[in-house]
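This report concerns only the one structure given below.
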Amino acid sequence: MASYQTIKDWPEEDRPREKLLNKGPQALSETELLAIILRNGNASTGESAIDHARLLLGQFGGLKGIDEASVSELATVKGIGPAKVAEIKACLEIAKRMGSQKWQAGEPLRSSDDVYHHFRESLGREKRELFYVVLLNNKNRKIREVKISEGSLTASLVHPREVYNPVIRESAAAVIFVHNHPSGDPAPSPEDIDITKRLKEVGDVMGVRVLDHVVIGYDRFFSFNDKGML
Numbered sequence: 002m003a004s005y006q007t008i009k010d011w012p013e014e015d016r017p018r019e020k021l022l023n024k025g026p027q028a029l030s031e032t033e034l035l036a037i038i039l040r041n042g043n044a045s046t047g048e049s050a051i052d053h054a055r056l057l058l059g060q061f062g063g064l065k066g067i068d069e070a071s072v073s074e075l076a077t078v079k080g081i082g083p084a085k086v087a088e089i090k091a092c093l094e095i096a097k098r099m100g101s102q103k104w105q106a107g108e109p110l111r112s113s114d115d116v117y118h119h120f121r122e123s124l125g126r127e128k129r130e131l132f133y134v135v136l137l138n139n140k141n142r143k144i145r146e147v148k149i150s151e152g153s154l155t156a157s158l159v160h161p162r163e164v165y166n167p168v169i170r171e172s173a174a175a176v177i178f179v180h181n182h183p184s185g186d187p188a189p190s191p192e193d194i195d196i197t198k199r200l201k202e203v204g205d206v207m208g209v210r211v212l213d214h215v216v217i218g219y220d221r222f223f224s225f226n227d228k229g230m231l
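Remember, my numbering sits 1 above the position in the sequence shown when you count from 1.
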């Protein structure tokens, strides 16, 4: 029987840590990234950090599930002690805090990424579908954001009158629409496309620039402007 090999016995280009340093973190799978956090496996059982990472991701349904799991739930996994649980939770919290950089009033809009990072934490995990309009001045600086509706997007919930009332009150020159998909998949539905088209037509009549409609998923987003759909 072949002897068990640890990650240190692997070819250097296959080791997660060396792979990250040579090719960048984007080249690694979620399993490899998590294995770097775990650092080592269990020599007595022949399990590597990769094995433990794969077990965690499989048992909790990916990084989202690990993030939502309690400390006690994670600690029930064989080979995952309190120290490793603390390291995992700390890394995930750092990622969340970096991802929740707020787009403050008065700051200019640079890209759809600004919108996504501002809304990701509040909308990315939301179980209800929420629709916001972000008001901007003539220099595309944020005035404020207004929640328009809660519930599945329909013509009755997202009516131009409700959307453009705050635009008129604040004398906004431009707007960005934002809503989330509780499923986590930001691909626009036919209703999303129809509502965006209708609101854009009203904006054109009123002389209000519609800069974008950003749909927020759990870990990604869809921008109508980026896709040339406005």
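Note that the Cβ used here is the ideal one computed from N, Cα and C, for glycine as well.
| message | According to DSSP, is Ser224 part of a helix, a strand, or is it coil? | response | Under the three-state reduction of DSSP output, Ser224 falls in the strand class.
| CB contact flag (Ser113, Asn226, <8 angstroms) | Yes. Within cutoff.
| request: Take Gly233 and list the residues in its own chain whose beta-carbon comes closer than 8 angstroms to its own, dropping the five residues that flank it on each side. | output: Residue 233 lies beyond the stretch modelled for the chain, which goes from 2 to 231, so this question has no answer here.
| task | Drop a sphere of 10 angstroms on the beta-carbon of Ala175, count the other beta-carbons inside from all chains shown, and report buried for 16 or more, exposed for fewer. | result | Buried, by the Cβ-count rule.
| query | Quick one: what's got a C-beta closer than 8 angstroms to Tyr219's C-beta in the same chain, skipping five residues either side? | reply | Lys65, Gly125, Arg126 and Gly185, listed in sequence order.
| Meets three-Cβ-pair contact criterion under 8 angstroms: the stretch 167-181 and the stretch 133-148 | Between the stretch 167-181 and the stretch 133-148, the count of Cβ pairs shorter than 8 angstroms is three or higher; the stretches touch.
| task | For Glu171, name the three-state secondary structure that DSSP assigns. | result | Under the three-state reduction of DSSP, Glu171 is assigned to coil, being neither helix nor strand.
| Which of helix, strand or coil DSSP assigns to Val116 | Helix at Val116.
| request: Note down the Cα distance separating Pro26 from Arg40, rounded to an integer number of angstroms. | output: Distance between the alpha carbons of Pro26 and Arg40 is about 16 angstroms.
| message | For Asp213, report the span of its beta strand (DSSP E) as first-last. | response | Counting along the chain, Asp213 sits inside the beta strand (DSSP E) bounded by residues Arg210 to Ile217.
| task | Check Glu130 in the structure and name its three-state DSSP category. | result | Looking at Glu130 - three-state DSSP - the assignment turns out to be coil, as it is neither helix nor strand.
| query | Can you pull the DSSP bridge partners for Leu137? | reply | BP columns for Leu137 point to Lys143 and Ala175.
| said: Tell me the rounded alpha-carbon separation between Val86 and His182. | reply: Cα to Cα, Val86 sits roughly 30 angstroms from His182.
| task | Return the chain-ordered list of same chain residues with a C-beta closer than 7 angstroms to the C-beta of Ile38, the five sequence neighbours on each side being excluded. | result | Counting only Cβ-Cβ distances below 7 angstroms, and skipping sequence neighbours, we find Glu88, Ile89 and Cys92.
| Can you find a heavy atom of the ligand MG that lies under 7 angstroms from the Cβ of Gly66? | In the structure on display, the ligand MG does not appear, and there are no ligands present to speak of.
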